[in-house]
Amino acid sequence: MAVSVFDLFKIGIGPSSSHTVGPMRAAARFVERWLDDAGTLARVARVRVELYGSLALTGRGHGTDKAVMLGLEGHWPDQVDADQIPAILAHIRDTHRIQLGGTHTIDFDEARDLVFNKRQKLPYHVNGMRYSAWADDDTLLATRDYYSVGGGFVVNQDEAAENRIVADTTPLPYPFHSGAELLAHCARTGNSIAQLMLANECVWRSEAEVRAGLQKLWQAMQDCVARGLRSDGVLPGGLKVQRRAPTMARELRAQPEASLRDPLSILDWVNLYALAVNEENAAGGRVVTAPTNGAAGIIPAVLHYYDRFVPGANAQGVFDFLLTAGAIGILYKENASISGAEVGCQGEVGVACSMAAGGLAATLGGTPAQVENAAE
């Protein structure tokens, strides 16, 4: 399958790529493709969403119910105004009405129409969900199964049956399915991993658009860190966890600049950047899935290290970092998993660390073999 760096790095909302971003995208896709595009949206009188497996067991804590309702209303993770989410959800719950696709309003009883099937799962993945819609006369207009397979990736029942993570079969100039194949392309062409990835990306969009997209991702990461460093308060949830990043930031800023000559002091900043992102994610804020929300702090933290502490850091270095990290992430996505529900934290934090290590090695001038070794 052809996977883009923009499939791995996606701007969305917290707290979970598989339990929040994925279900929101699935809901929006169902309404858009199977109701609106099919010409049946105006006939819909009732919808029902059923969550299975891990989505049902841990969905409320991850905001899956909220994500589904937002998606049904036509909101997408990269476009919804995070500050408006509480008001949108409150209106749905107070009125017991939902506006499908933002245009067609129907009755919506959350207790009846959003079901958590905690003892059942769908056949292809632990993160399964079923969307159904009926007309006034109880005619079934559409029903589709979707699977949130990690990192915000969503596949429908047909793609899941064929073990396809994405539907894109676009031929690439430098296809690779293993580290050995990637290094072979580099050896044959004399190009870096980032250069190969750029050539592949240009199959879908112009080089200017690729660079603009990478800059948008980097800006979103910077904005997320900045919000995390300044936002005090208590994180959502019953544990009443106090945000720590703002206090740590004030303490580090109070230290003299000379202290940064100590590498361990610099690591304090790297840890702080990661914590700031993680707290923003836990609060349901805007983050970049990298490659998941659960591990979203690692790559931005290492990129901030490069940008602030590496002499000569520049925009091209940031682009090379993201393209290289994307290539490494694709290998994990295609050959293993980035779903925590499927393979645990090694599929999220472990993969993010590998991607960040390879990306940083590339920006520091590492050869493709050295980049591969760093990622490994």
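In this text, residue positions in the sequence shown follow the UniProt record's numbering: the first is 1, and each later residue adds one. Built from N, CA and C at the ideal position, the CB exists for glycine as well.
Inter-residue Cα distance where the pair is residue i and residue j
| i | j | result |
| --- | --- | --- |
| Leu70 | Pro86 | 10 Å |
| Met248 | Cys224 | 16 Å |
| Glu372 | Ile338 | 18 Å |
| Ala220 | Gly152 | 17 Å |
| Val310 | Asp262 | 14 Å |
| Met197 | Arg43 | 45 Å |
| Ser192 | Gln222 | 26 Å |
| residue 426 | Gly102 | This structure does not reach residue 426, given that the chain is present from 1 up to 376, and the question cannot be answered. |
| Gln255 | Ala357 | 28 Å |
| Val47 | Gly74 | 14 Å |
| Trp269 | Ser132 | 48 Å |
| Glu110 | Leu72 | 12 Å |
| Ile88 | Trp76 | 13 Å |
| Ala184 | Gln157 | 35 Å |
| Pro123 | His91 | 35 Å |
| Pro236 | Leu272 | 20 Å |
| Asn335 | His177 | 8 Å |
| residue 393 | Ser4 | This structure does not reach residue 393, given that the chain is present from 1 up to 376, and the question cannot be answered. |
| Arg205 | Arg119 | 44 Å |
| Gly344 | Phe319 | 29 Å |
| Cys202 | Ala67 | 32 Å |
| residue 393 | Leu252 | The shown model of the chain, from 1 to 376, leaves out residue 393, and the question about it has no answer. |
| Leu182 | Ala369 | 10 Å |
| Ala374 | Val31 | 43 Å |
| residue 382 | Asp65 | Beyond the ends of the chain as shown, which are 1 and 376, falls residue 382; an answer cannot be given. |
| Ala315 | Ala290 | 19 Å |
Cβ neighbours of residue i in the same chain (closer than 6 Å, five flanking residues each side left out)
| i | result |
| --- | --- |
| Thr105 | Arg97 and Gln99 |
| Val154 | Gly22, Arg25, Ala26, Tyr146 and Ser148 |
| Glu279 | Gly228, Arg243 and Ala245 |
| Val115 | Glu50 |
| Lys240 | Val234 |
| Ala313 | Tyr306 and Asp307 |
| Thr363 | Tyr306, Gly317, Asp320 and Phe321 |
| Ile330 | Val3 |
| Thr40 | Leu141 |
Residue i, DSSP secondary structure in three states
| i | result |
| --- | --- |
| residue 381 | Nothing can be reported for residue 381, as the shown portion of the chain is limited to 1 through 376. |
| Asn373 | helix |
| Tyr174 | coil |
| Gly12 | strand |
| residue 377 | What the structure shows of the chain is the stretch from 1 to 376, and residue 377 is not part of that stretch, so it cannot be assessed. |
| Ile266 | helix |
| Ala135 | strand |
| Tyr124 | coil |
| Gln99 | strand |
| Thr105 | strand |
| Leu323 | helix |
| Gln79 | coil |
| Val47 | strand |
| Arg243 | coil |
| Val302 | helix |
| Val277 | helix |
| Thr289 | strand |
| Val318 | helix |
| Val310 | coil |
Residues of its chain near residue i, where Cβ-Cβ distance is below 7 Å and the 5 sequence neighbours each way are ignored
| i | result |
| --- | --- |
| Arg188 | none |
| Thr58 | His19 |
| Gly213 | Phe6 |
| Asn281 | Gly14, Pro15, Val287, Asn293 and Ala296 |
| Asn200 | Leu172, Pro173 and Tyr174 |
| Arg144 | Phe30, Trp34, Tyr131, Asn156 and Gln157 |
Span of the alpha helix (DSSP H) around residue i
| i | result |
| --- | --- |
| Gly179 | Gly179 to Thr189 |
| Thr363 | Val349 to Thr363 |
| Ile338 | Looking at the DSSP string, Ile338 is not in any alpha helix (DSSP H), and its letter there is neither H nor E. |
| Asp145 | From DSSP, Asp145 is part of no alpha helix (DSSP H) but of the beta strand (DSSP E) over Leu140 to Gly150. |
| Val3 | That residue, Val3, is in no alpha helix (DSSP H); it is neither H nor E in DSSP. |
| Asn156 | No alpha helix (DSSP H) contains Asn156, which is instead part of the beta strand (DSSP E) from Phe153 to Asn156. |
| Arg29 | Gly22 to Arg29 |
| Glu201 | Ile193 to Glu201 |
Close Cβ partners of residue i (< 8 Å) along its chain, the five nearest in sequence each way excluded
| i | result |
| --- | --- |
| Gly340 | Ser18, Gly150, Thr292, Gly294, Gly347 and Glu348 |
| Arg60 | Phe116 |
| residue 378 | Because the chain spans 1 through 376 in this model, residue 378 falls outside it and cannot be assessed. |
| Leu360 | Val302, Tyr305, Tyr306, Phe321 and Ala374 |
Residue span of the beta strand (DSSP E) that contains residue i, given as start and end
| i | result |
| --- | --- |
| Leu70 | Note, Leu70: premise wrong, no beta strand (DSSP E); alpha helix (DSSP H) at Thr64 to Leu72. |
| Leu114 | Leu114 to Asn117 |
Below-8 Å beta-carbon distance, residue i vs any chain D residue
| i | result |
| --- | --- |
| Thr103 | Note that chain D does not occur in the displayed structure, where there is just one protein chain. |
Three Cβ pairs or more, each shorter than 8 Å: is that satisfied between the stretch 297-307 and the stretch 27-36?
no
Taking contact to mean 3 or more Cβ pairs, one atom from each stretch, closer than 8 Å, check whether the stretch 125-143 and the stretch 323-334 are in contact.
no
Report yes or no: do the stretch 52-62 and the stretch 116-131 share at least 3 C-beta pairs separated by less than 8 Å?
yes
Using 8 Å as the threshold, is the stretch 5-14 in touch with the stretch 207-217, meaning 3 or more CB pairs across them?
yes
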